[in-house]
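For the first sequence, position 339 matches number 435 in the numbering used here, and the numbering has no gaps at all.
What follows is one structure encoded as structure tokens, with my remarks underneath.
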Amino acid sequence: MKSLGKIYQPQKEEKKIYRLWEKSGYFNPDNLPKTKKGYFSIIMPPPNANDPLHIGHAVFVSLEDLITRYQRLKGKRALWLPGTDHAGFETQIVFEKKLEKEGKSRFDFTREEFYQLVYQYTKKNQKTVYQQLKKLGASCDFSRKKFTLDKDIIKIVLNTFEKLYQDGLIYRGERIVNYCPKHQTAFSDLEVKYEEEKGTLFYIQYPLKDGGAVEVATTRPETIFGDMALAINPNDKRYQKLIGKIAIEPLTKREIPIIEDKRVEQDFGTGVLKITPAHDPTDFEIAQDHRLLPRRVIDFQGRLNELAGSLKGLKVLEAREKTIEILKQNNLLIKTEEITHRVGHCYKCHSTIEPMIMSQWFISVNKPFGKEKKSLRDRAIEAVKTKKIKIIPKNFEKNFYHWMKNLKDWNISRQIWWGIPIPVYYCQEQKTEKCQKEKGIIVSQKKLKECPYCHSQNIVKDPDVLDTWFSSGQWPFATLMTAKKGDFEKFYPTDVMETGWDILFFWVARMIMLGIYCTGKIPFKTVYLHGLVRDKDRQKMSKSKGNVIDPLGVIENYGADALRMALIMGTGLGSDIILSEEKIKGFRNFANKVWNASRFVLMNIDDLKKKPNLTKSDQKILKDFQRVIKKVEKHLDNFRFNLAAETVYRYFWFTFADKIIEEMKIRIRENKNKESAQYLLYLILKNSLIILHPFMPFITESVWQSLPEIKGEKREKMILIEKWPTSL
RNA sequence: GCGCGUAUAGCUCAGUUGGUUAGAGCGUCCGUUUUACAUGCGGAAGGUCGUUGGUUCGAGUCCAACUACGCGCACCA
């Protein structure tokens with residue numbers, strides 16, 4: 097008690113307290129006292145192992161630790177399983193930037209060497225991440241921590257690949273993919289950011305073989321070299337007589353057919369669409385239906401190839417200008433028009449995405465399979481529709497359905513070096529029927545020297561790696577199957593998946609699809625989505641804007657408890673989290689209030705040796721408090737964390753500190769029913785600490801350690817494993 | 001085009017099933033330092049809860065329309 101100074105100093109207390117918890121071993125649910133029954137589990141969304149934690153991570157730590165601690169208090173054997181993600185593409189970019197600063201690139205190393213370097217780098221970062229989690233007060237079980245590149249995790253991921261392949265749900269195909277010429281890799285549809293942009297629509301004349309001409313509008317004249325047809329809408333009366341005729345592609349004078357297809361919009365441009373199957377998704381689809389072959393004219397560096405003749409080697413934009421010049425000289429450019437259209441950009445470097453034909457691995461999300469004859473997509477939708485999985489806030493369920501409805505096959509190949517290699521070889525000779533039937537594809541997790549079917553040694557390893565979300569999509573069951581024996585049976589399906597709404601599609605949807613596919617069960621019962629952290633001006637926090645709040649700096653200055661409260665209170669369900677230093681200061685003050693109220697109580701009850709009877713009016717005060725506890729409990733059970741926090745906050749400060757303590761102060765001083773007053777203070781303080789503990793774990797534990805012994809009063813040695821108060 | 005969301009005090013935001021004088025933090029003004037806390041305490045100013053209409057005994061809360069802003073998805077060449 098004497099040790100409690102006038103001002104709460106989190107820096108002094110937090111380290112000490114965390115060590116106390118760690119020594120107890122209670123973060124591991126297996127070590128909890130026998131009084132804790134029933135299992136509760138939450139898997140941590142693995143932070144990328146390429147950077148220290150930022151404020152966004154502090155949000156999930158605050159919320160998930162809050163949930164875990166609450167469940168522990170409520171008597172559950174609560175498991176919060178931590179881990180880190182290798183974050184394929186993201187990490188490779190971060191690491192390559194680092195190399196760039198040293199004047200190097202990944203091409204200065206062999207692929208093996210590069211992989212090892214990044215591996216070491218992520219290992220180092222993981223240490224930092226785990227230290228930071230501790231600073232935030234995370235009560236996760238570090239003895240179960242996992243990494244997406246742990247051998248046992250990789251094995252599960254590759255098994256899933258194999259299973260999907262055998263079930264015909266994964267296929268290799270030549271498709272139009274989203275290709276970033278700078279990063280030289282393809283992406284899934286989700287990694288493309290579409291933005292409104294001003295562009296020019298060029299009206300170009302295509303001569304007809306039989307004489308005459310037709311006008312075509314395009315924003316990408318440089319792809320004329322890849323034109324394989326012109327298309328018009330079958331209902332377009334203007335062009336009926338052109339169907340079946342031959343047009344002359346105006347640059348290299350190739351003869352191309354005029355076809356009809358209802359995907360052509362009559363109202364756009366001239367109503368005539370040039371079909372460039374190799375470089376446009378719609379054109380690709382139309383070409384497939386009309387059996388037109390793609391003609392690739394742009395290479396993987398984003399430059400025109402030899403099919404463009406003199407324009408070979410020019411970048412797309414340069415080629416566009418040149419093309420227009422040539423067309424002008426030949427009087428084939430009729431007019432230009434300014435338009436705004438949506439253009440896809442690489443979410444990382446903002447380069448214009450080049451739709452390209454590439455051989456890639458896709459997951460068939462819409463193909464029915466199994467006894468139920470339902471697709472991955474439909475099974476996921478059903479899990480949410482039937483409320484097996486609940487999404488909070490509820491309106492995200494609609495977003496989820498909307499997105500799932502539009503879902504197309506998922507490209508999981510990435511042309512990068514950092515990640516889990518696709519476990520496939522290609523037999524180049526295909527000497528046996530079996531080889532040919534498989535189109536030379538050999539799925540194998542082991543290193544192969546020859547084709548297992550025809551024994552040809554002319555085999556090639558697939559050079560690509562898997563999309564990171566393919567592995568993290570298996571995270572809930574992969575972790576529980578490997579962290580500790582028996583965990584999967586006890587803890588799966590997990591209770592809560594808590595993460596940011598920005599990765600609902602990237603991650604959550606994929607976990608649902610892959611979880612159900614691999615285990616036959618949903619991966620989690622409730623999805624809780626939190627908002628993005630923004631600054632006072634509603635700006636997204638980013639390094640480049642210079643408005644980032646470093647969680648560790650905040651902890652250093654104001655304490656982890658203050659930061660956690662600031663992230664939870666005043667934040668409505670589903671809305672973004674507005675954070676400012678002033679707000680954090682406010683909760684630092686609250687921590688100090690808790691400290692001093694506790695100090696006062698401890699100083700004034702040290703002569704209370706045994707439990708007295710309470711006066712009637714004191715019993716009433718206790719009853720009011722009981723109602724507050726119930727309210728907090730209800731809010732927590734409903735995932736209304738901000739309301740729960742506000743309820744505790746207001747009761748502690750405005751009722752307990754401002755009113756009850758002030759009244760009792762006088763009674764103790766004037767010796768009026770003094771013992772009842774003292775005992776009341778003790779009871780309210782003790783139980784306030786418990787209900788406050790999930791929000792502010794450090795200070796509550798710290799005070800708990802100083803509570804005096806009172807005859808007839810029992811309590812746990814650590815508030816961490818106390819029981820949530822039910823009746824007072 | 002389809003879908004979702006937001007609009008409450010000077011600023012940033014809470015306000016679950018509609019119900020007594022609409023809340024917090026920061027800021028402003030006045031007072032306050034001998035006794036838990038000035039990271040405090042007491043008090044004050046400040047809101048026609050975006051607009052209009054509707055349901056209701058009663059609406060910040062439900063419904064409709066409108067206005068403004070934001071976001072997601074989609075094959076506009």
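C-beta atoms are modelled at their ideal positions from N, C-alpha and C, and glycine is treated no differently.
Would residue i and residue j be called neighbours here (beta carbons separated by less than 8 Å)?
i	j	result
residue 547	residue 537	no
residue 629	residue 134	no
residue 156	residue 594	yes
residue 488	residue 623	yes
residue 689	residue 749	yes
residue 345	residue 339	no
residue 113	residue 797	yes
residue 332	residue 365	no
residue 389	residue 400	no
residue 788	residue 228	no
residue 179	residue 241	yes
residue 301	residue 508	no
residue 348	residue 264	no
residue 123	residue 284	no
Can you give the beta carbon distance from residue i to residue j, rounded, assuming they're within the 8 Å contact cut?
i	j	result
residue 656	residue 195	Rounded, the Cβ-Cβ distance is 35 Å, inconsistent with contact.
residue 819	residue 171	6 Å
residue 324	residue 391	6 Å
residue 341	residue 328	About 11 Å; that fails the 8 Å criterion.
residue 407	residue 418	6 Å
residue 860	residue 257	Limits of the chain in this structure are 97 at one end and 824 at the other, which puts residue 860 out of reach.
residue 578	residue 246	7 Å
residue 164	residue 296	With 8 Å as the limit, residue 164 and residue 296 do not qualify as a contact, their Cβ atoms being about 56 Å apart.
residue 305	residue 330	That belief does not hold up - the Cβ atoms of residue 305 and residue 330 are roughly 21 Å apart, past 8 Å.
residue 660	residue 791	6 Å
So, at 8 Å on beta carbons, what are the nonlocal neighbours of residue i in its own chain, with the 5 sequence-adjacent residues on each side left out?
i	result
residue 500	473, 476, 477, 605
residue 280	396, 397, 511
residue 524	536, 552, 554, 555, 556
residue 572	139, 588, 589, 590, 593, 607, 611, 619, 620
For residue i, which residues of its own chain have a beta-carbon under 7 Å away from its beta-carbon, when the five flanking residues on both sides are left out?
i	result
residue 515	182, 184, 561, 562, 564
residue 808	706, 707
residue 403	321, 391, 393
residue 810	none
residue 103	688
residue 695	100
residue 583	576
residue 480	487, 493, 496
residue 774	700, 701, 704, 764
residue 505	458, 459, 460, 461
residue 544	521, 538, 555
Which residues in the same chain as residue i place their Cβ atom closer than 6 Å to its Cβ, once the five residues preceding and following it in sequence are excluded?
i	result
residue 503	461, 473
residue 731	739, 740
residue 97	Its pLDDT being 41, under 50, residue 97 is placed unreliably by the model, and the measurement read from it follows with that caveat. Same-chain partners within the cutoff: 698, 802.
residue 206	none
residue 569	606, 607, 610
Exercise. Three or more beta-carbon pairs under 8 Å between the stretch 520-532 and the stretch 302-314, yes or no?
Worked result: The count of Cβ pairs closer than 8 Å, one atom from the stretch 520-532 and one from the stretch 302-314, stays below three, leaving the stretches out of contact.
For this session: Pair every Cβ in the stretch 165-180 with every Cβ in the stretch 599-618, then say whether three or more of these pairs are closer than 8 Å.
Result: Counting Cβ pairs under 8 Å, fewer than three are found: no touch.
Exercise. Can at least three beta-carbon pairs, one atom from the stretch 122-140 and one from the stretch 710-726, be found at a separation below 8 Å?
Worked result: Result no; under three Cβ-Cβ pairs closer than 8 Å.
Exercise. Which runs of the beta strand (DSSP E), 3 residues or longer, sit entirely within the stretch 304-383?
Worked result: Complete beta strand (DSSP E) runs here, min 3: 309-314, 325-328, 342-344, 351-356, 368-371.
For this session: Assess, as a yes-or-no matter, whether the stretch 440-455 is touched by the stretch 575-593 under the definition of 3 or more beta carbon pairs within less than 8 Å.
Result: With the rule of 3 Cβ pairs closer than 8 Å, the stretch 575-593 does not count as touching the stretch 440-455.
Exercise. Counting Cβ pairs closer than 8 Å, one from the stretch 424-440 and one from the stretch 277-293, do we hit at least three?
Worked result: The stretch 424-440 vs the stretch 277-293: in contact.
Problem set entry | Cβ contact check for the stretch 770-787 and the stretch 724-744: 3 or more pairs under 8 Å | In short, these stretches touch, since the Cβ pair count reaches three.
Problem set entry | beta strand (DSSP E) runs contained entirely in the stretch 444-507, provided each spans 3 or more residues | Counting whole runs of 3 or more residues, the stretch 444-507 contains the beta strand (DSSP E) stretches 450-459, 486-488.
Exercise. Does the stretch 253-268 come close enough to the stretch 185-192 that 3 or more CB-CB pairs lie under 8 Å?
Worked result: No: the two stretches stay apart, fewer than three of their Cβ pairs being nearer than 8 Å.
Problem set entry | Any beta strand (DSSP E) of 3 or more consecutive residues that is wholly inside the stretch 387-454 | 429-442, all fully within the stretch 387-454.
Exercise. Can you give, in chain order, each stretch of the alpha helix (DSSP H) that sits fully within the stretch 207-243 and has at least 4 residues?
Worked result: Those alpha helix (DSSP H) runs which fall completely within the stretch 207-243 and span 4+ residues are 207-232.
Problem set entry | Runs of alpha helix (DSSP H) wholly within the stretch 245-297 (minimum 4 residues, chain order) | Correct list: 247-262.
Problem set entry | Continuous alpha helix (DSSP H) assignments of at least 4 residues falling wholly in the stretch 619-689 | Runs found: 647-654, 656-664.
Exercise. Enumerated in chain order, which unbroken segments of the alpha helix (DSSP H) with a length of 4 residues or greater are wholly contained in the stretch 768-797?
Worked result: The alpha helix (DSSP H) runs of length 4 or more contained entirely in the stretch 768-797 are, from start to end of the chain, 770-788.
Problem set entry | Every unbroken alpha helix (DSSP H) within the stretch 558-607, with a cutoff of 4 residues, ordered by chain | Counting only runs of 4 or more residues that sit fully inside the stretch 558-607, the alpha helix (DSSP H) segments are 564-568, 571-578, 583-587, in chain order.
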